[in-house]
Structures are given as C-alpha cells and as structure tokens.
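Numbering (my numbering), first residue to last: 13 to 264. Data first, discussion second: the structure below is written as structure tokens.
What follows is the structure, encoded as structure tokens:
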C-alpha cells in the first residue's frame, strides 16, 4: 500500500517535470519578465516611499525652524523690553539717590507706552518640548506670562498712583527735576493709598532685575538649543549675545 503511494507520487512528479520541459521558451520569457517587472515595481515603490519620507522630514524640519524663529523673536522681544524697563527704573532710582529721596512712588514714573503683551503658541511650545531639553523648556515656559504680568503691574501702578496723586496737593513741584514736596496726614486715606502704591512700586523695582536675569538666561539657552538641534539660523547666537547685554554694559 505504501509502495503504491510512493509510486503514485513519483509518477506525478515525472509527469509535472515532463510538462515543464514541454513548455515553450515564450512561457519562461514571460515568467522572467514578470519577475523582473515585479522587482522594478518594488524598487520604484520603495524609492517613492523613501522620497515621501524624506520630503515629510524636510517639511517637518522646516516647520520646526519656522516655529523656532517665531519663539526666538518673541523671547528676544521680551528680553529687550525687560532691559529697557530696568534702564528706566535704575535711572529713576539713581536720580533719587543723588537727591536723598527714597520714596519710590515719588521717583518711579508710570510707563507712557507699556510693551506689547506676548503669547507663546501651543505649536511653539510643542516644538520646544520635542527637542527634549528640560532646562531650556523650563527656562522658557511661562516667560510670556511673567512678561504680561509685569505689564499688568505697571498699568495697575499707573492707575493706583493717579488715585494717590489726586488725593494730595504737590507743593513746589520742579518740572525740570521732576520733584516736589507733598504733605500726607497720618492715618488718612491718602496715607493708606500711598502705602499700597509704594508696595507696587517696590515690586516693579524688584521685578525689573529678576525679569532681566530670567529673560537673559532663557534667550541664551534657547538660542544655543535652536542652533544645535534645528540649525534654524546661525545669527541666533549673535542676537542673543548682543541682546543679553545688561543695562550696566556688562554681560547678563
């Protein structure tokens, strides 16, 4: 029984190979053509997929570079605003020191044109997060909110200072020096208002220093990261170097 099965398989094999030998050369040419055509199609498809991937990577990198430019110039704007504010504040404090005046409200003049508010976009922060540098991300994250909060504090100071000055009479005001004398009755509403405004003024003086320090660090860290990871613009480092000059002329 087993030998009959083996013989049957052997006969079938012989019949199959005999049939193959009887096939014409055209058949084998067709088989070869199909194999070659399939290989060519595979290579073309592989190249197309590779080109698509390269183009997609190029577009993503270009998008990240654009987001990097946008974020960098926002941080640069914030930093320059902080530096300009500190120059203004330091100038008024020095003015008072030269005249033995320590009343900040009398020295610190409200901003006529506060800086523009800045808002980082979700796309900008997502791009920064994707670069996987926690130090840079933590330095930049929330910097826009701090900047906007400082602007709000300046506007509040302007409003509250006006309320205070409307309550009092300024005697012997010298417009050339920007100084005069005021008299506030102890325990009066004006004295309370003066105290509140003075606290806001002290906050602004303190923040003028801390904002410059933080924005300088953020700007430098961001510039070097964008250069290293995106190659977005070699000018980033030089911009950061120039912009990070502290008000006293030394590097921040």
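In this text, a Cβ means the ideal position worked out from N, Cα and C, and glycines have one as well.
Under the three-pair Cβ rule at 8 angstroms, the segment 79 to 92 counts as touching the segment 136 to 150. Around the Cβ of residue 205, a 10 Å sphere holds 16 or more other Cβ atoms; the residue is buried. Around the Cβ of residue 233, a 10 Å sphere holds 16 or more other Cβ atoms; the residue is buried. Put simply, of 221, 210, 141 and 124 the residue whose alpha carbon is nearest the alpha carbon of residue 172 is 210. Residue burial is scored here from C-beta neighbours: residue 91 has at least 16 other C-beta atoms within 10 angstroms and is therefore classed as buried. In the DSSP assignment, residue 179 falls within the unbroken alpha helix (DSSP H) covering 155 to 179.
In the structure shown, residue 98 falls within a helical segment according to DSSP collapsed to helix, strand and coil.
In this structure, residue 87 and residue 230 form a Cβ contact; the two beta carbons are roughly 6 angstroms apart against a cut-off of 8 angstroms. If you compare the alpha carbons of 126, 152 and 116 with that of residue 228, the shortest gap goes to 152. In the structure shown, the three-state DSSP call for residue 197 is coil. Counting C-beta atoms within 10 angstroms of its own C-beta, residue 223 has 16 or more neighbours from the protein chains shown and is therefore classed as buried. In the structure shown, the three-state DSSP call for residue 128 is coil. The residue among 108, 148, 124 and 89 with its C-alpha nearest the C-alpha of residue 130 is 89.
Out of 226, 155, 196 and 165, the CA that lies nearest to the CA of residue 214 is found in 165.
Closest in C-alpha terms to residue 162, from the list 118, 220 and 225, comes 220.
Counting along the chain, the unbroken alpha helix (DSSP H) around residue 139 starts and ends at 134 to 142. One thing to note: residue 105 has its Cβ within 8 angstroms of the Cβ of residue 217. Nearest to residue 127 by C-alpha distance, out of 148, 156 and 140, is 156.
One Cα belongs to residue 118, the other to residue 146, and the distance between them is close to 43 angstroms. Annotated three-state conformation of residue 68 is helix, per DSSP.
Across the structure, residue 123 and residue 240 are spaced so that their CA atoms are roughly 38 angstroms apart.
In this model, residue 243 and residue 180 are separated by some 58 angstroms (Cα to Cα). DSSP places residue 121 in no alpha helix (DSSP H); its state is neither H nor E. When DSSP states are grouped into helix, strand and coil, residue 152 belongs to the helix group.
When DSSP states are grouped into helix, strand and coil, residue 239 belongs to the helix group. Contact check for residue 149 against residue 141 passes: the beta carbons are separated by less than 8 angstroms. With a cutoff of 8 angstroms on beta-carbon distance, residue 212 and residue 168 are scored as near each other.
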